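In order, the protein sequences belong to chains A and B. Just so you know, we're using my numbering here: the first sequence kicks off at 1 and counts up by one. Just so you know, we're using my numbering here: the second sequence kicks off at 351 and counts up by one.
There are 2 protein chains.
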Amino acid sequence: MLMSEAPRTASRAPSTLEDVARVAGVSRATVSRVVNATRNVDPAIREAVLAAIAATGYAPNRAARSLVTRRSETLALVVSGAGGTPDELARVVGDPFFGRVVAGVISHLRPRGMHPVLMFAEAGETREQVVAFLRQGNADGALIVSTHAQDPLPELITSAGLPAVLFARPAALLPISYVDLAHQEGGRLAAEQLLATGRRSVATICGPLDVPAAQDRLAGFRETMARRGHAYVPVVEGQFTQESGAAAMERLLDEHPGVDGVFAANDLMAAGACEVLREHGRTVPDAVAVVGFDDSGAALTCRPPLTTVRQPVEEMAAEMARLLVERVEHPDRPVASVIFDPQLVVRESA
Amino acid sequence: MLMSEAPRTASRAPSTLEDVARVAGVSRATVSRVVNATRNVDPAIREAVLAAIAATGYAPNRAARSLVTRRSETLALVVSGAGGTPDELARVVGDPFFGRVVAGVISHLRPRGMHPVLMFAEAGETREQVVAFLRQGNADGALIVSTHAQDPLPELITSAGLPAVLFARPAALLPISYVDLAHQEGGRLAAEQLLATGRRSVATICGPLDVPAAQDRLAGFRETMARRGHAYVPVVEGQFTQESGAAAMERLLDEHPGVDGVFAANDLMAAGACEVLREHGRTVPDAVAVVGFDDSGAALTCRPPLTTVRQPVEEMAAEMARLLVERVEHPDRPVASVIFDPQLVVRESA
DNA sequence: ACAGACGAGGAGAGCGCTCTCCGCTACGGA
DNA sequence: TCCGTAGCGGAGAGCGCTCTCCTCGTCTGT
């Protein structure tokens, strides 16, 4: 192929409905009806229109359509609370959790010919940008994944009257739809797995206690342990990072040397714990069993591979998309929430 | 906050330019000029308009604007060649490489108030969707990251006359802009590191040889080795997967038991090689040094952490965005390419 | 003091599409 | 035979914005 004159499938001026109508010898309205399959059209005319569309290489102009339908057929996927630097961004985006969210969202949107716009909001101003973006009609609604519990974005979106669905219940009471996991149930699964493998001295590394999900995981874990006769369970708080998990494990070994089972509120902390245990010569799972949470990539790369509590993230994300599309189409319906059940994935660590 | 009557920052009918004009007592044109800072406007009038905008809660309608400007102020970020199932999607999106690309793109786009639309194209039909999406004016251009060398999307886009920038040089000669890495230089860095650590019997696990990048890495590696007196270097071809890296290492150990240094053309294969070496009781780096390529997450989770050749992915992605924006604004300028230099990251494996 | 130039606001024509009417034809029942 | 009705195509009015003129007022130069 020569560099200079590339073949022009699309010629200079893109063709319009008017052009197609002229070629097909019908009115704009009829072409529109064929394009949108909006009313019965005589088969012969339909064919003629289709031929004209092919001949002219017509592609409907989305801006013109949006202008009258007041719909962009686009959703925003907002990661809120992410840091602004490329490094932090890369960390968030590179997180397998994010990948699973995107995959779930896409799986619902793609069959509908929709594609998400990716946005990241952190400092005050970028949150306003998100709201402005939606208010300008760039997107019909927002799928919001907050990395922090106290994220103000849901409130902003709600008070602007824009459709949105959250991943995880908002910290404050808000008239907004969300999907979430039965975190307590996840804590219960972890407890039962540890007890089932015969552990007698069990501790837990919980997540930051201002995060509702971390609270719930801990509560479910504790309650189940208590119900099985373990009234006291040592708890150390981590920050959902591998380092904090390692530090917590050090402390646990220090204060409770006899520990033989650990539930970490996410896989990253569990991986940190495993590393510390190995350094201390405690084999996993023989000396100490470890259960993680999330079933992230860390669960697989960890040695040994982690037994963990899996969130059906893809399904949850797909449900978010479903809820949002539904809300965009029927703004009058009440907000809804869907809670998913976690699942225990047994690998080698417990 | 009550669930029923949320405060309406944006009232029912969004206000238009017309509304603002009426409130400010000026014409639509003047308001437009203020909004777009397109011409000098009398300070007093300007203030009045600004006040009216605040009072009405006006947000410009993007569809209407796009209709006349023929610009969507949106770019598509296309991952082409990705699998269609949620699992495969999650794998691609969860790849730290993708995260770094997104971070780089965002870092350039966000200051300009632009946000990328995420699209995945795999089978034939979804590629057409991407083209249709662009032709409808949903996005002004495409940033394309192909996972396979023989991806037909660049050709499709080019022949439709749509602006696009590729990550990595296209396999076929195409009038299209791209950014790429000096892969040969990367191969050279790997060779020199292995030689610098005193390795005498060096082999390489190269990537699929239909991928230009794999060829270049191999060529750069070989040439440097040859120049340093190592005329023959055993080569085993891998498929850029951890399994293929492991298999290649097995074969290398079998055919060349004396090997004491290995350059794997990506980190995943290097990780596979490390695992096999460990199983065979060869310590890394003492018995065998291993150098990877990419500096992906695998380089860090690998035991020992990999010495590897890093691509400045964020910068490359940002440059892609820059090139594309430039091309959208000046379609008549010739296509351009920018080649980045790799960097050796020394960790523990070599 | 007057002509010319310049600067700034207003009027109005669309951008390409959807959607509500309206009109025409064909057909069925009384 | 005639009217009611269903079905389908056409006409035309915007959707909210930008942008090109046009007009008018003011400022400069002689």
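All C-beta atoms, glycine included, are put in the ideal place defined by N, C-alpha and C. Small disclaimer: the values here were computed from a predicted structure and weren't measured.
In the three-state reduction of the DSSP assignment, residue 687 of chain B falls in the strand class. Under the three-state reduction of DSSP, residue 323 of chain A is assigned to helix. Shortest Cα-Cα distance from residue 89 of chain A to any of B:448, B:442 and B:439 involves B:448. Near chain A, meaning a CB-to-CB distance below 8 Å, the residues of the region 462–482 of chain B are 463, 465, 466, 467, 468, 469, 470, 476, 479 and 482. The beta carbon of residue 610 of chain B sits closer than 8 Å to those of 549, 550, 551, 552, 637, 638 and 639, all from its chain and outside the five residues before and after it, given in chain order. For residue 96 of chain A, the neighbours in chain B by C-beta distance under 8 Å run, in chain order, 440 and 444. Spatial neighbours of residue 533 of chain B in its own chain (CB-CB distance under 7 Å, excluding positions within 5 residues in sequence) are listed in chain order as 563, 566, 567 and 570. Where residue 170 of chain A is concerned, there is no enclosing alpha helix (DSSP H), because DSSP gives it neither an H nor an E. In the structure shown, residue 556 of chain B falls within a strand segment according to DSSP collapsed to helix, strand and coil.
Using a Cβ distance threshold of 8 Å, residue 424 of chain B and residue 469 of chain B do not count as a contacting pair.
Two segments are said to touch when three or more pairs of C-beta atoms, one from each, lie closer than 8 Å; by this definition the region 136–149 of chain A does not touch the region 293–308 of chain A. The beta carbon of residue 405 of chain B lies closer than 8 Å to those of 373 in the same chain, with the five residues before and after it left out. Residues of chain A with a Cβ closer than 7 Å to the Cβ of residue 412 of chain B are, in chain order, 136, 137 and 138.
Taken atom to atom, the span from the alpha-carbon of residue 417 of chain B to that of residue 31 of chain A is near 20 Å. Looking at the DSSP output, residue 494 of chain B shares a beta bridge with B:428 and B:516. Take the alpha-carbon of residue 582 of chain B and the one of residue 687 of chain B: they are about 34 Å apart. For residue 405 of chain B, no chain A residue has a Cβ inside 9 Å of its Cβ, as the nearest lies near 16 Å away. In the DSSP secondary-structure assignment, residue 530 of chain B is bridged to B:689. A straight line joining the alpha-carbon of residue 79 of chain A with that of residue 45 of chain A spans about 47 Å.
Note: residue 41 of chain A is not bridge-paired with any residue in the DSSP secondary-structure output.
No Cβ-Cβ contact shorter than 8 Å links residue 153 of chain A with residue 169 of chain A.
The criterion of a C-beta distance shorter than 8 Å is satisfied by residue 623 of chain B and residue 599 of chain B. When the five nearest sequence neighbours on each side are left out, the beta carbons in the same chain lying within less than 7 Å of the beta carbon of residue 189 of chain A are those of 309, 342 and 344, in order along the chain. Here residue 95 of chain A is buried: its Cβ has 16 or more other Cβ atoms, across all protein chains shown, within 10 Å.
Relative to residue 472 of chain B, the option among B:462, B:442 and B:466 whose CA is nearest is B:442.
Counting other Cβ atoms within 10 Å of its Cβ, residue 628 of chain B stays below 16 and is therefore classed as exposed. In the displayed model, residue 700 of chain B falls within coil according to three-state DSSP, outside both helix and strand. Scanning the region 80–142 of chain A from its first residue to its last, the whole beta strand (DSSP E) runs of 3-plus residues come out as 116–121. In terms of Cα proximity to residue 488 of chain B, the closest of B:494, B:495 and B:479 is B:479. Contact with chain A is absent for residue 430 of chain B, since none of that chain's Cβ atoms lies less than 8 Å from the residue's Cβ.
Spanning the alpha carbons of residue 595 of chain B and residue 690 of chain B requires a straight line of approximately 26 Å.
The beta carbons of residue 164 of chain A and residue 141 of chain A sit closer together than 8 Å. Among the residues facing chain B, residue 273 of chain A is not included, as its CB has no counterpart in that chain under 8 Å away. Using a Cβ-Cβ cut-off of 7 Å, residue 456 of chain B is close to 89 and 120 of chain A, given in chain order. Rounded to the nearest whole angstrom, the C-alpha separation of residue 35 of chain A and residue 312 of chain A is 38 Å.
Within the region 580–633 of chain B, the runs of beta strand (DSSP E) that reach at least 3 residues and sit entirely inside it are, in chain order, 585–587 and 611–614.
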